[in-house]
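Under my numbering, the first residue of the sequence shown carries the number 1295, and numbering increases by one thereafter.
Beneath this line is the structure, given in structure tokens, with notes to follow.
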Amino acid sequence: PLTGIVHSAGLVADNYLIRKDPEELARVLAPKVRGLVNLDELSRDLPLRAFVCFSSITGAFGNAGQGDYAAANA
Ligand SMILES: NC(=O)c1ccc[n+]([C@@H]2O[C@H](COP(=O)([O-])OP(=O)(O)OC[C@H]3O[C@@H](n4cnc5c(N)ncnc54)[C@H](OP(=O)(O)O)[C@@H]3O)[C@@H](O)[C@H]2O)c1
């Protein structure tokens, strides 16, 4: 059986918030938010020993031009 998952998908699209459009925001959030939820739900009944997720320090401290990426990682 599948016993481990490594979620490393992520995407940056640096842009100040004032220039962000909804499509870009959704694109950056997708792998980290929907991707993680999908993997979690689909593996619910599997005997996982590890579920490793790659976040970023940006999720804790923020970074100029990466508001969406920071939110996605947080
Ligand atoms: N590199 C760093 O300095 C750093 C620092 C902190 C955290 N991280 C995190 O560590 C992880 C790996 O970073 P990396 O630098 O190795 O990134 P990377 O080389 O850009 O690889 C990211 C991978 O995510 C895939 N991906 C993006 N959006 C996706 C989606 N919607 N669905 C499925 N796959 C998707 C990409 O696939 P395609 O190639 O097919 O687009 C790519 O293979 C990421 O989660 C990143 O946020 C990286």
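Even for Gly, the Cβ is constructed at its ideal location relative to N, Cα and C.
- Rounded to the nearest angstrom, the gap between the Cα atoms of Ala1358 and Ala1364 is 10 Å.
- For the pair Cys1347 and His1301, the Cα-to-Cα distance works out to about 5 Å.
- By DSSP's assignment, Ile1351 forms no beta bridge with any residue.
- For Val1300, the uninterrupted beta strand (DSSP E) run begins and ends at 1298-1301, by DSSP.
- Following the DSSP letters along the chain, one finds Ala1368 in no alpha helix (DSSP H), marked with neither H nor E.
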